[in-house]
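Report on one structure; see the data block that follows.
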């Protein structure tokens, strides 16, 4: 996903501050002294985004799945080290799609599940009224060209939603409807996540932070270090920052400001994971299919000009 902004509608949130935070993270990752640039680091756990990382991005929810190659190697890895999924999808969706995982952070970390133990953010209930009002307004515009995907908590209550017009016959008309929805949502004390150039956006009851989700999973799983995180969006930047090793996944919509040390193409994820398995979880930038920042940005620039 290519993200334009993650701007809560709260008047206390400043876009400029968020931009500075992202810039600082990227500069930090570019520093030769940064911890993630250590070679030969032992990977003690693998944490993953879902959409655009181990599953294709531009598909319908009903068709979304982890590729057979990724599924096979992730099952092998999960027999040796903890594997967790951190996603903005709800747990009802992602748990079934990732049977290899030991833990999940759904709704961007607002719900966390490890085994039968579930924890959830208090805002899921506190902001329910405002979210319900926004969803009711959005449904007025829904139809074949504009799909509303409700995200539910583990009790089955709708606590967030996505507005998606990827399958619209008339993109311009669908986008006008979507803009009406997001403008209305921004009048409420809830969070709208808009993605640059992308025909979808998310609405949550409160800010989501994958970095905090990663740290919670790390603590609950009893891990001290050696966390490798893989993601494809600026939404993943906080998780890249919190991880010991950060690997960005490149596809046709990957932005050029991911705060990670290394990169791998989407089609090469399974090969990279297999090489990590064969190396007995010793990460090195010399592993097959790994790209450094310069190589990755050259690839992204070539893609943008073709």
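In this note's numbering, the protein residues as written are 1 to 306. We put the CB at the ideal spot given by N, CA and C, even for glycine. Quick caveat, the model's predicted, so the values are computed rather than measured.
Cβ-based neighbour list, residue 112, same chain, cut-off 8 Å, excluding 5 preceding and 5 following: Position 112 of the chain shown, counting from 1, holds the residue named residue 112. Residues of the same chain with a CB within less than 8 Å of the CB of residue 112, apart from the 5 flanking positions on each side, are 103, 104, 105, 106, 118, 119, 120, 213, 216, 217, 220 in chain order.
Own chain residues within Cβ distance below 7 Å of residue 288, not counting five before or after: As a working note, residue 288 is residue 288 in the chain shown. Excluding positions up to five away in sequence, the list reads 271, 272, 275.
Residue(s) in a DSSP beta bridge with residue 265: Against the chain shown, residue 265 aligns to sequence position 265. DSSP lists 250 as partners of residue 265.
Extent of the continuous beta strand (DSSP E) run through residue 118: Locating residue 118 in the chain shown gives position 118, where the first residue counts as 1. Taken as a continuous stretch (DSSP letters only), the beta strand (DSSP E) holding residue 118 covers 117 to 120.
DSSP bridge partner residues for residue 104 (one or two, in chain order): For this step, residue 104 is matched to residue 104 along the chain shown. Per DSSP, 85, 113.
Helix, strand or coil at residue 47 according to DSSP, with G and I counted as helix: Numbered from its first residue, the chain shown carries residue 47 at position 47. Correct three-state label for residue 47: strand.
Unbroken beta strand (DSSP E) run spanning residue 163, endpoints: Position 163 of the chain shown, counted from the first residue, corresponds to residue 163. Taken as a continuous stretch (DSSP letters only), the beta strand (DSSP E) holding residue 163 covers 158 to 164.
Residue 165 beta carbon less than 9 Å from that of residue 199: Residue mapping note: residue 199 aligns to position 199 of the chain shown, counting from 1. Residue mapping note: residue 165 aligns to position 165 of the chain shown, counting from 1. A contact, by the Cβ cut-off of 9 Å.
Three-state class that DSSP yields for residue 231 in the structure shown: Numbered from 1 along the chain shown, position 231 holds the residue referred to as residue 231. Here residue 231 sits in strand by DSSP.
CA-to-CA distance, residue 202 to residue 161, given in whole angstroms: Taking the chain shown and counting its residues from 1, the one referred to as residue 161 is at position 161. Taking the chain shown and counting its residues from 1, the one referred to as residue 202 is at position 202. So the two alpha carbons sit approximately 6 Å from each other.
Beta-carbon proximity of residue 46 to residue 83, cut-off 9 Å: On the chain shown, position 46 is the one that residue 46 refers to. On the chain shown, position 83 is the one that residue 83 refers to. Against a cut-off of 9 Å, the Cβ pair of residue 83 and residue 46 comes out as a contact.
Nearest-angstrom beta carbon gap, residue 300 and residue 261 [assumed within contact, 8 Å]: Residue 261 sits at position 261 when you count from the first residue of the chain shown. Residue 300 sits at position 300 when you count from the first residue of the chain shown. With a Cβ gap of about 16 Å, residue 261 and residue 300 do not count as contacting.
Residue 124, DSSP secondary structure in three states: Translated into the one-based positions of the chain shown, residue 124 becomes position 124. Looking at residue 124 - three-state DSSP - the assignment turns out to be helix.
Euclidean distance between Cα positions of residue 282 and residue 163: Stepping through the chain shown from its first residue, residue 282 is reached at position 282. Stepping through the chain shown from its first residue, residue 163 is reached at position 163. Going from the Cα of residue 282 to the Cα of residue 163 covers about 41 Å.
Short Cβ contact (9 Å threshold) for residue 247 with residue 290: Residue 247 sits at position 247 when you count from the first residue of the chain shown. Residue 290 sits at position 290 when you count from the first residue of the chain shown. A contact, by the Cβ cut-off of 9 Å.
Local conformation of residue 53 per DSSP, three classes: The residue you call residue 53 lines up with position 53 of the chain shown. Reduced to three states, the DSSP call for residue 53 is coil.
Proximal residues to residue 124 (C-beta, below 7 Å), its chain only, five neighbours per side dropped: Here residue 124 corresponds to residue number 124 of the chain shown, with the count starting at 1. Counting only Cβ-Cβ distances below 7 Å, and skipping sequence neighbours, we find 110, 153, 159, 205.
Buried/exposed call for residue 285, threshold 16 Cβ in 10 Å: One-based indexing of the chain shown puts residue 285 at position 285. With fewer than 16 other Cβ atoms within 10 Å, it is exposed.
Residues sharing a beta bridge with residue 74, DSSP: Along the chain shown, one-based indexing puts residue 74 at 74. According to DSSP, which records beta bridges pairwise, residue 74 is partnered with nothing at all.
Same chain, Cβ closer than 6 Å to residue 53, five either side skipped, listed in chain order: Locating residue 53 in the chain shown gives position 53, where the first residue counts as 1. Here the set comprises 230, 231, 232, 249.
Paired residues, beta bridge with residue 283 - DSSP: By one-based count along the chain shown, residue 283 stands at place 283. Partner(s): 41.
Span separating the alpha-carbon of residue 156 from that of residue 234: On the chain shown, position 156 is the one that residue 156 refers to. On the chain shown, position 234 is the one that residue 234 refers to. Using only the alpha carbons, I get a separation of about 29 Å.
Close beta carbons around residue 98, own chain, < 6 Å, minus the five adjacent residues each side: Here residue 98 refers to the residue found at position 98 of the chain shown. Within the same chain, residue 98 has close Cβ partners 85.
Residue span of the alpha helix (DSSP H) that contains residue 224, given as start and end: By 1-based counting over the chain shown, the position of residue 224 is 224. Taken as a continuous stretch (DSSP letters only), residue 224 belongs to no alpha helix (DSSP H), as it is neither H nor E.
Closest by C-alpha distance to residue 62, when choosing among 115, 149, 70: Counted from its first residue, the chain shown places residue 62 at position 62. That would be 149, whose Cα lies nearest to the Cα of residue 62.
Cβ contact check for the stretch 71 to 83 and the stretch 129 to 136: 3 or more pairs under 8 Å: Cβ pair count under 8 Å is below three, so no.
Distance between residue 186 and residue 43 (C-alpha atoms, nearest Å): Here residue 43 is taken as the residue at index 43 of the chain shown, counted from 1. Here residue 186 is taken as the residue at index 186 of the chain shown, counted from 1. Between residue 43 and residue 186, the C-alpha separation is close to 41 Å.
Which listed residue (181, 88, 195) has its alpha carbon closest to that of residue 137: Walking along the chain shown from the start, residue 137 turns up at place 137. Ranking the options by Cα distance to residue 137, first place goes to 181.
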